[in-house]
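Engineer:
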Amino acid sequence: MSAPDGGILLDIEGTTSSIRFVYDVLFPAARRELAAFLRESWERPEVQSACQLLAQDAGHDSLEAWCGHLAVGEQRCRVERQALQLMDQDAKSTGLKALQGLIWRRGFETGQFQAHVYDDVPPALRRWHAAGRDVRIYSSGSIAAQKLFFGHTVHGNLLPLLSGHYDTTVGAKREVSSYVRIAQDADWSPGEALFISDVVAELDAARDAGMQTALCQRPGNAAIPAGHGHAALTDFSQVWLGGSG
Ligand SMILES: [Mg+2]
């Protein structure tokens with residue numbers, strides 16, 4: 011498909027990257043690294059804060075109230091058991107999320123694992139960037155997590171090719187107003203912007219905001235019923251720049 015002359019907005023999971031990455035790499039890594047991470051980083055303020063949240067999620071007033079009477083090694087064991095149990099239950103615990111986030115940050119920063127992006131993505135980003143296109147990310151993952159992700163991919167640091175990041179603080183991904191706000195913030199005329207995602211409801215919202223849209227179909231994505239009315243592509247080399255690009 012031919013991209014309009016303006017900005018390009020990209021979803022991550024199912025679009026630039028495999029939806030399996032988080033299940034195949036990140037979640038198993040958090041489980042595997044938990045004990046060593048707690049042992050090595052226990053005293054760090056951000057780890058103590060995450061453990062405070064974990065204690066509160068478990069119904070205690072504080073970490074101190076939960077396990078302050080125990081020796082440090084036993085405190086760590088208690089936190090570890092609780093975190094593993096929450097992982098088993100796939101619980102949406104704030105404390106667990108905070109702890110997992112810290113383990114992943116360390117994993118990315120030490121090169122223990124790298125974010126997945128499809129092979130066609132870096133060349134397309136370079137091509138768009140070289141043509142002066144403003145390329146931005148819109149994902150439900152936090153902006154901090156997006157930067158960590160694109161800063162440490164299997165294809166190296168891709169952050170210099172991106173001009174902006176949006177998460178759900180700008181609004182939900184299926185709300186028209188979110189795309190209106192993004193276009194305003196990026197100083198894009200909506201009709202000149204292209205949004206690429208694997209989720210039809212997100213594309214519908216972007217289209218209602220006036221953006222052009224493309225449905226990205228990657229291996230492992232959910233099957234999409236026909237009749238969605240969006241342009242479709244299977245990799246980013248299929249987006250070519252027309253006009254002044
Ligand atoms: Mg997606």
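First residue of the sequence shown? That's 11 in this note's numbering, and the numbers climb one at a time after it. Note that the Cβ used here is the ideal one computed from N, Cα and C, for glycine as well. This structure is a prediction, so every number in the text was calculated from the model and none was measured.
1. Considering only heavy atoms of ligand 1, does any lie closer than 7 Å to the CB of V127?
2. Taking the straight line between their C-alpha atoms, what separation do you get for S254 and M97?
3. So what's F205 in DSSP terms, helix, strand or just coil?
4. Output yes or no for whether 8 Å exceeds the beta carbon distance between Q156 and H175.
5. Are the region 36 to 46 and the region 102 to 114 touching, with three or more C-beta to C-beta distances below 8 Å?
6. Tell me whether S12 sits in a helix, a strand or coil according to DSSP, three-state version.
7. Within 10 angstroms of the Cβ of L80, are there 16 or more other Cβ atoms? Answer buried if so, exposed if not.
8. Output needed for W76: all residues of its chain with C-beta closer than 8 Å, excluding positions within five of it in sequence on either side, in chain order.
9. Could you spell out where the alpha helix (DSSP H) holding L169 opens and where it closes?
10. Just to confirm, does G181 get its C-beta within under 7 Å of one of the non-hydrogen atoms of ligand 1?
11. Measuring only the C-alpha atoms, how far is R256 from D21?
12. In chain order, what residues have a CB nearer than 6 Å to some heavy atom of ligand 1?
13. May I ask you to verify whether the region 51 to 63 touches the region 202 to 211, counting CB pairs closer than 8 Å and requiring at least 3?
14. With DSSP run on the structure shown, which of helix, strand or coil describes R146?
15. Under a three-way DSSP split, which group does L64 fall into?
16. If you draw a straight line from the C-alpha of G78 to the C-alpha of R91, how long is it?
17. From R86 to Q95, what does the alpha carbon distance come to, in whole angstroms?
18. So, for E56: in the same chain, excluding its five sequence neighbours on each side, which residues have a beta-carbon less than 7 Å away from its beta-carbon?
19. Cα separation between Y128 and P229?
Structural biologist: Taking the geometry as given:
1. no
2. Per-residue confidence for S254 stands at a pLDDT of 46, beneath the threshold of 50, marking its modelled position as unreliable; the derived number appears in the next sentence. Computed Cα separation, rounded: 50 Å.
3. strand
4. yes
5. yes
6. strand
7. exposed
8. A65, A68, H70 and R88
9. Per DSSP, L169 belongs to no alpha helix (DSSP H) and is neither H nor E.
10. no
11. Nothing about residue 256 can be reported from this structure: the residues present for the chain run from 11 to 255 only.
12. D21, E23, G24, T25, S207, D208 and V209
13. no
14. strand
15. helix
16. 16 Å
17. 14 Å
18. L112
19. 10 Å
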